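Below you'll find the structure, written out as structure tokens, and then a few comments.
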Amino acid sequence: MLESRSGCDVRARWRPDSLGLGLASAVLLFGVLACTPKARDYTSGTGGAGGAGGAGGMGGAGGSVPCPETHRCAVPPPDGWSAPAAVVTGVPSPACPESFPTLLVDVRDDIAAEPAACGCSCGAPSVDCGNLLLLYHQSCGAPVGLDVASGPPNTCLDSTPKQNSVHAYFNEVMGPCTPAPTTTLPEPSSQSAVRACGGASTDGVCEDGLLCVPEPVTPFRICVVRGGEHPCPPGYPDRAIHYEGVNDTRACTECTCGAPADAKCSASVQGYSDACATATSALVTDDQCTSSFSYYTYTTPEVTEPGACPPGTVEPTGTVELADPITFCCSVD
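Using the working numbering, the first residue of the sequence shown is number 2, and each one after it goes up by one.
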């Protein structure tokens with residue numbers, strides 16, 4: 002927690018954005034909770050010189066003990082900024098030092114991500130076989146003529162006046178296919194990492210109202226932090242903008258399916274010379290031809306080929322961009 006000069010708290014939050022620093026599949030991003038609902042707040046107590054102590058995490062040491070050689074006298078940041086923190090840049094980020102034991106924020110200033118991997122497939126169409134249709138031929142192999150009979154299964158179909166041959170088939174009716182889209186978002190990656198550590202305590206008193214803060218261990222620097230983009234306060238001229246958030250808008254265009262085709266139905270067909278009393282022949286449809294009989298029956302049809310719909314083309318859209326800037330201002334040693 003960042004200590005607040007104005008009594009506010011800034012807490013780190015987990016953000017499982019999987020930014021892929023090569024350390025883990027999910028990267029820790031720390032957001033800032035505002036002390037009011039209006040804005041984030043990185044304010045931090047700067048403490049007081051002498052015995053009064055500070056309101057936040059860098060309280061006064063009490064008495065008149067001078068700032069030791071292991072510390073430095075730093076300019077107190079104005080309201081809205083964190084207390085002086087130890088900041089380091091690099092991948093991977095080192096652990097917070099003992100003198101600044103509290104992790105304030107982990108941020109970055111670059112991000113890269115591959116486009117969405119998009120897929121589109123289609124489920125099988127619904128198929129209605131309908132009733133068997135009988136068409137006449139002058140002979141099998143000749144052009145198909147007009148309907149001579151049609152009706153439901155397991156009934157006697159009268160094809161008289163008959164022609165020389167009869168062609169049996171189903172006029173399958175197919176319903177639309179259901180699209181099945183897939184979207185895979187490759188994990189973003191970053192080549193930079195910036196870590197700020199706080200929680201330091203003062204062990205002495207500085208003159209002129211300055212703060213006694215520990216000297217950071219290499220490669221850490223003394224900086225102050227504030228959410229948003231701001232000019233640097235006095236004493237901390239080295240400015241950099243880093244980011245705690247990611248705006249990932251990657252997606253895919255709509256998956257669609259074309260018209261269904263190629264479904265087939267089949268049934269066993271019996272031919273009769275009388276009124277469906279004595280079976281004389283059988284053929285299996287779809288699209289079979291036999292010498293003409295006067296009467297026919299057929300069994301309940303079955304779907305033998307379900308058909309298919311061609312899937313449409315899908316394309317990746319969107320980008321990955323950094324979001325939620327944080328201003329880092331560092332002293333020049």
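All C-beta atoms, glycine included, are put in the ideal place defined by N, C-alpha and C. For clarity, every value in this text was computed on a predicted model and none was experimentally measured.
I need the straight-line Cα distance from residue i to residue j, nearest angstrom please.
| i | j | result |
| --- | --- | --- |
| Pro79 | Cys331 | 14 Å |
| Val89 | Gly313 | 49 Å |
| Leu323 | Ala86 | 23 Å |
| Ala50 | Asp239 | For Ala50, the pLDDT reaches just 33, beneath the cut-off of 50, and the residue's location in the model is therefore unreliable, although a value from the coordinates is still provided. Answer to the nearest angstrom: the Cα atoms are 26 Å apart. |
| Asn172 | Pro311 | 21 Å |
| Pro235 | Ala241 | 15 Å |
| Pro317 | Ala118 | 7 Å |
| Phe294 | Ala278 | 13 Å |
| Arg73 | Thr103 | 19 Å |
| Val333 | Trp82 | 18 Å |
| Cys224 | Ser65 | 26 Å |
| Cys335 | Cys130 | Here the chain has residues from 2 to 334 only, and residue 335 is not among them. |
| Glu115 | Thr184 | 13 Å |
| Cys97 | Cys233 | 24 Å |
| Val218 | Cys198 | 12 Å |
| His243 | Ala75 | 23 Å |
| Gly91 | Tyr237 | 21 Å |
| Thr71 | Thr254 | 60 Å |
| Val128 | Leu186 | 36 Å |
Using a Cβ-Cβ cutoff of less than 7 Å, which residues in the same chain neighbour residue i once the five nearest sequence positions on both sides are dropped?
| i | result |
| --- | --- |
| Gly124 | Cys178, Thr179, Ala181 |
| Ala276 | Cys157, Tyr296 |
| Asp263 | Glu306, Gly308, Ala309 |
| Pro69 | Asp204, Gly205 |
| Cys121 | Pro180, Pro182, Cys256, Pro312, Gly313, Val315 |
| Asn132 | Ser151, Gly152, Pro153 |
| Ile112 | Leu20, Pro189, Ser191, Val247, Val321, Leu323 |
| Cys141 | Ser166, Cys290 |
| Arg67 | Strictly speaking, residue 67 in this sequence is Pro, with Arg absent from that position. So the list reads Gly205, Val206, once near-sequence residues are dropped. |
Spatial neighbours of residue i within its chain, please: C-beta separation below 8 Å, excluding the five flanking residues on both sides.
| i | result |
| --- | --- |
| Leu135 | Asp148, Val149, Ala150, Ser151, Leu158, Ser160, Val167, His168, Ala169, Tyr297 |
| Leu94 | Note on residue identity: the sequence assigns Ser, not Leu, to residue 94. Contacts found: Asp107, Ala194, Val195, Arg196. |
| Pro126 | Met175, Gly176, Pro177, Cys178, Pro261, Ala264, Pro307, Gly308, Ala309, Cys310 |
| Tyr273 | Cys157, Thr279, Ala280, Thr281, Phe294, Ser295, Tyr296, Tyr297, Thr298 |
Give the secondary structure of residue i by DSSP, where H, G and I count as helix, E and B as strand, and everything else as coil.
| i | result |
| --- | --- |
| Glu208 | helix |
| Ser332 | coil |
| Val218 | coil |
| Asp239 | strand |
| Asp263 | strand |
| Gln271 | strand |
| Thr281 | strand |
| Arg315 | Just to set this straight, residue 315 is Val in the shown sequence, not Arg. Of the three classes helix, strand and coil, the one that applies to Val315 here is coil, per DSSP. |
| Leu323 | strand |
| Pro302 | coil |
Counting only the same chain and skipping the five closest in sequence on each side, list residues whose C-beta sits under 6 Å from that of residue i.
| i | result |
| --- | --- |
| Gly23 | For Gly23, the predicted model reports a pLDDT of 32, less than 50, meaning its position is unreliable; a value from the coordinates is still stated below. Here the set comprises nothing. |
| Pro220 | Val89 |
| Arg222 | Val88, Cys331 |
| Ser100 | Ala201, Pro215 |
| Gly319 | Thr250, Arg251, Ala252 |
| Asn155 | none |
I want to check one thing, is the minimum distance from the CB of residue i to the heavy atoms of the ligand NAD below 7 Å?
| i | result |
| --- | --- |
| Ala201 | This structure lacks the ligand NAD, and indeed carries no ligand of any kind. |
I'd like to know if the stretch 321 to 331 and the stretch 255 to 275 are in contact, where contact means that at least 3 CB-CB pairs between them fall below 8 Å. These segments do not touch.
With three or more beta-carbon pairs closer than 8 Å as the criterion, would you say the stretch 192 to 204 touches the stretch 104 to 122? With the cut-off at 8 Å, the stretch 192 to 204 and the stretch 104 to 122 touch.
Inspect the CB distances between the stretch 247 to 256 and the stretch 224 to 235 and report whether three or more fall short of 8 Å. The stretch 224 to 235 and the stretch 247 to 256 do not touch, with fewer than three beta-carbon pairs separated by less than 8 Å.
Flag this pair as touching only if the stretch 202 to 212 and the stretch 298 to 307 have three or more C-beta atom pairs under 8 Å; answer yes or no. When C-beta atoms of the stretch 202 to 212 are compared with those of the stretch 298 to 307, fewer than three pairs fall below 8 Å, so the two segments do not count as touching.
Which parts of the stretch 75 to 161 are runs of the beta strand (DSSP E), unbroken and 3 residues or longer, counting only runs that do not cross its ends? Fully enclosed beta strand (DSSP E) runs of 3 or longer: 86 to 90, 103 to 108, 118 to 123, 133 to 138, 148 to 152.
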